[in-house]
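Reviewing the structure listed below.
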Amino acid sequence: MIIESLAGTWRFCLDDSKQGIERQYFNEKLQDDIQLPGTTSENKKGEYNNAKEIAHLTEVYPLIGYAWYQRDIVIKDEWAGKPIRLYMERTRVSQVWIGEQCHGTQNSVSAPHIYEFSAMKPGTYTLTVLVDNSGLPIKGGHMTSPDTQTNWNGLLGRLEIQAMEQIRLDNIQAFPDVANRSVRLKFDVHNDTGFAADAHISIALSDMIGERASCDRPKEKTTLLQAVPGKQTMEVSYDLGKEIALWNEFNPVLYRLNIVLEAAVIGESYRDEQSVTFGMRQFATEGTQFTNNGSKVFLRGKHDALAFPLTGYAPMTVEEWVRVLSIAKSYGINHYRFHTCCPPEAGFMAADMLGVYFEPELPYWGAFQEPGDEDYDEARAEYLRSEGLRILDAYGNHPSFALFTLGNELHGSRPAMSALLKEYREHDNRRLYAEGANNYFWAPSFSEESDFWVTMRTGVGGSIVRASFSHADLPLGHVQASYPSTVVDYRDNLPDAPIPIVGHEIGQFQSFPNFDEIDKYTGVLEARNFEVFRERLQHAGMLSQADDFFKASGQLAVICYREEIEAALRTPGFGGFQLLDLQDFPGQGTALVGVLDAFMESKGFIEPERWREFCSDIVLLARFPRYTYTVGEHFEAQLEMANYGGIALEDVQLVWSLKQGERFIGNGVTAAKDVGQGVLEFMGTIRIDLSHAEIEAPGKLELELRWKGSEVTNHYPIWVYPADVDTNPADSVHIRRSLDEATCDLLAGGGRVLLIPDQEQLTSHIQGFFASDFWCYPMFRSICEGNNAAPAPGTLGLLCDEEHPAFKAFPTEFHSNWQWWPIVMNSHSLILDEWPDTFRPVVQVIDNFERNHKLGLIVEARVGKGSLLVCASDLIGQQDKPEARQLLHSLLEYAAADFKPSEELSFEQLRAVLDPNAAVERQSHRGEAVLNPSYPNE
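Going by the working numbering, the sequence shown opens with residue 5, and the numbers climb by one from there.
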């Protein structure tokens, strides 16, 4: 086959009125020009967009409709008699003309468009391609969504004219047979001569890619056939030798075979040479766990929706995909779930090289129906069926293509979905199939036709397999609603279904925007949503705190993600998880849920090696019931190793230590133990007396676990407080529960007051919530309000002045940590919008970017002649919690010492927040409601 690239300058024309077919633009010489491969947006075609999108990034030159692409092609003399083919790697709905002759239309958004022209006489021809990004029979999920890669118009990747042999090979599919150390090759033989031809096919190993032990080099194999006119399908088995190299996430070895067809007919000789690359892997299941070549696999996945802000589409080069996937692997990721989308060939090739398990989906987010159903759409049903087959044929040889589903959060006819799965499995059995991700999420149940189950719940109500939920999907998860510990797992929520269960879209913990990121958007998309959020924060008088909000909220998100991931790893027999997400999601209201930004670049919250402590193939785990203790108690933890590395381990010992700074409080080594591959193994129990003389209480301690002789480690914080702590105020300090007349008199007379108001006494407040807000506040607020349900509090954790003397007896960082959990959950943060712009709380609750309230958990001010310290958490009612007792003690100590607040407030300003009888019109910086433009199709 001879290949000639068509990359370069093409002629171009917009067609806003969609009249080009009727007016025969293919007969005209188009007057504009465009560079291909590329998109209209990259080439700045169409009208400049002045809008400021809030729900997602703004495409600077959007185009929805018809665009015409044209160039001259030369059929060379040596191509005479050869069938000609046009190859366009990725586009939208296309229609092709050679001169005046139309050669049909194709509509895949996932697989290449290939047009067959038969033989053409040598000469120059006009090739015209119409691309329509408005004519799909489905919405297209994240293949076409403005939330992610945009609904671009253009021609991407390889653009080629291919001159083929009249007798040739096509659609070569390699089916590895690991057990028999061979590969079954299935391919088509085309014969366009009109005559039967004797042919022989030779198969030989041309290359092996990747690190490998010594293995056999198989012999060349030759087989004879009679190539009849037309097309015939052939299968050949090829032995790879006794010693073969297997493909897996640790050692992704690839085989490349050359297949040569030689034939002769009526004095003419024909030769066609093709190659096929594949890996020897059998991705399967064993009970409730995945296996690859017999070894257990735990999917540590991330969600991906092909969001690449510079281009507005997925990379078409292997080099860029290697960069992206290498970053993900540095954070312990071994799996990508592509939400209602499919990556291009380059993505699969990079995943093959790096050992990443891909799970693409049909570009669909809606309902399936059967013929006869009221909403049955034959065109839509056939499109989905065909698109799946096209994906399987285009990318099926890639060992990274390990799983496939029909879309996201599907509903409707389960028989229709099951029939499609059965057809796909019969067509190509090289991977596992499931009906979708989180299907029927309101009433989840196992699908008999599925090989695995991606879900957030395994039953109605509390049968959860992830740790966080939106307030539109109650009940909440344990990170949000349960006293902190490291003992929660999901074993009791796993049903009897004999298939792996994967936690769907776990995490979704927000952080505050990083406004410095705006300057990164130098391509087809601009972060005008970030600009609006910045303007809102400035209007609220807190722009100077933006960087602090960003950093503090990010630390809370990491803390929550850690517990989310470890809970999955603590679950015996669990199949894995799919994070939402390692990186930010730029749409659906702007969901800043990553520790990486939308460019897959670090936001500075955590280094990859620290993330891998709790997200890797081998993770050391400690189970203990709480993070806070008192002197005299014992700290007890069960130690475990989750071993999803490549091999079983012998004589494993865990070295452990509990330290306060550099001081050892306790240390030891567990007894040696063998740890099987693919298991969660109990390694021993540690018990430490917290009466140790070296402990300085109150204080933060750190438990370190390390696999002896390795770099594998993990760390946990705990806090130790005095057992007996004085919570009685000094004579000079008055504890009050409301801003009543007596409290005001004390302040007017120069008194010192610690005000811990009864929660119902607060005029203007937001309910306390420890975990970072789920996904995106404006999106789920609008969903909750549409369902007449209460939205989430919508906050993003604490910003603390950790050096403030109020915390002298209550050690804290500048951000939330687990010792704050009961304090925050039993609070109602004060809305301080009407207080001076310069006023800053001692402990500020970070609000979301839509609402932008100034929120205070602990505030202080001079009032009248007195000094006031306000804590909006009910510390009085939490005296059973050592952390609450300790904070109350610390605040009282501060109020009795050098208590001289710098800010001054009037009684009127206080009453606006703390007097339940005050009539106050609360200011809000809230924007418009945000709906999800990708959901659903129905």
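Glycine is no exception: its CB is placed at the ideal position from the N, C-alpha and C atoms.
Being a predicted model, the structure only gives us computed values, none of them experimental.
- By the beta-carbon neighbour count (other beta carbons within 10 angstroms, threshold 16), Ser557 is buried.
- Ile563 and Trp723 have their alpha carbons spaced roughly 15 Å apart.
- Here Arg221 is exposed: its Cβ has fewer than 16 other Cβ atoms, across all protein chains shown, within 10 Å.
- Taking a cut-off of 8 Å on C-beta distances, the stretch 674–690 touches the stretch 638–658, as three or more cross pairs fall below it.
- In terms of Cα proximity to Gly463, the closest of Phe473, Ile669, Glu453, Ala447 is Ala447.
- Using a Cβ distance threshold of 8 Å, Tyr242 and Val187 count as a contacting pair.
- Annotation for Leu250: no alpha helix (DSSP H) segment contains it, and DSSP assigns it neither H nor E.
- Gly42 places its beta carbon 8 Å or farther from that of Pro348.
- DSSP, read as helix, strand or coil, puts Asp308 in strand.
- In this chain, Ile835 is not harboured by any alpha helix (DSSP H); it is covered by the beta strand (DSSP E) spanning 832–835.
- With 16 or more neighbouring CB atoms inside 10 Å of its own CB, His482 falls in the buried class.
- Annotation: the continuous beta strand (DSSP E) that includes Val264 extends over 258–269.
- The C-beta of Gln883 has fewer than 16 other C-beta atoms within 10 Å across all chains shown, which makes the residue exposed.
- In summary, Tyr52 is exposed, with fewer than 16 beta-carbon neighbours lying within 10 Å of its beta-carbon over all protein chains present.
- Annotation for Pro256: Gly214, Gly283, Asp356, Met357, Leu358, Gly359 place their beta carbon closer than 7 Å to its own, counting only its chain and skipping 5 residues before and after.
- Straight-line measurement puts the Cα of Met460 at about 12 Å from the Cα of Ala572.
- By the criterion of at least three beta-carbon pairs nearer than 8 Å, the stretch 501–516 is in contact with the stretch 285–303.
- Just measuring C-alpha positions, the residue of Glu530, Gly636, Gln110, Ala901 sitting nearest Asn137 is Gln110.
- Excluding its 5 nearest sequence neighbours in each direction, Arg866 has C-beta neighbours in its own chain below 6 Å: Pro905, Glu908, listed in chain order.
- Comparing C-alpha distances from Gln681 to each of Pro150, Ser299, Leu10, Trp72 shows the shortest one belongs to Ser299.
- Assignment of beta-bridge partners to Gly511 by DSSP yields Leu584.
- Judged by DSSP in its simplified three-state form, Ala371 adopts strand.
- Where Glu654 is concerned, there is no enclosing alpha helix (DSSP H), although the beta strand (DSSP E) around it starts and stops at 653–656.
- Residue nearest to Tyr65 within the set Gly108, Leu314, Ile207, Trp251 is Leu314 (criterion: CA-CA distance).
- If you draw a 10 Å sphere on the C-beta of Ser486, you find fewer than 16 other C-beta atoms in it, and that means exposed.
- As for any alpha helix (DSSP H) of minimum length 4 sitting wholly inside the stretch 382–436, the runs are 382–399, 418–431, ordered along the chain.
- Rounded to whole angstroms, the separation of the alpha carbons of Glu93 and Leu163 is 7 Å.
- Comparing C-alpha distances from Trp156 to each of Ser910, Thr632, Tyr70 shows the shortest one belongs to Tyr70.
- By the criterion of a C-beta distance shorter than 8 Å, Tyr387 is surrounded in its chain by Asn111, Leu140, Pro141, Ile142, once the five residues flanking it on both sides are discounted.
- In terms of CA proximity to Ser877, Ser742 leads the group Tyr368, Glu266, Ser742.
- According to the DSSP secondary-structure assignment, Glu290 is paired through a beta bridge with Gln293.
- Short of 8 Å from the beta carbon of Ser273, and not among the five residues preceding or following it, lie these beta carbons of its own chain, in chain order: Glu266, Ala267.
- If you draw a straight line from the Cα of Ala398 to the Cα of Val328, it is about 22 Å long.
- In this structure, Glu706 is the residue among Val659, Glu706, Leu803, Ala288 with its C-alpha nearest to the C-alpha of Arg667.
- Looking at the DSSP output, His857 shares a beta bridge with no other residue.
- Taken atom to atom, the span from the alpha-carbon of Val757 to that of Phe818 is near 25 Å.
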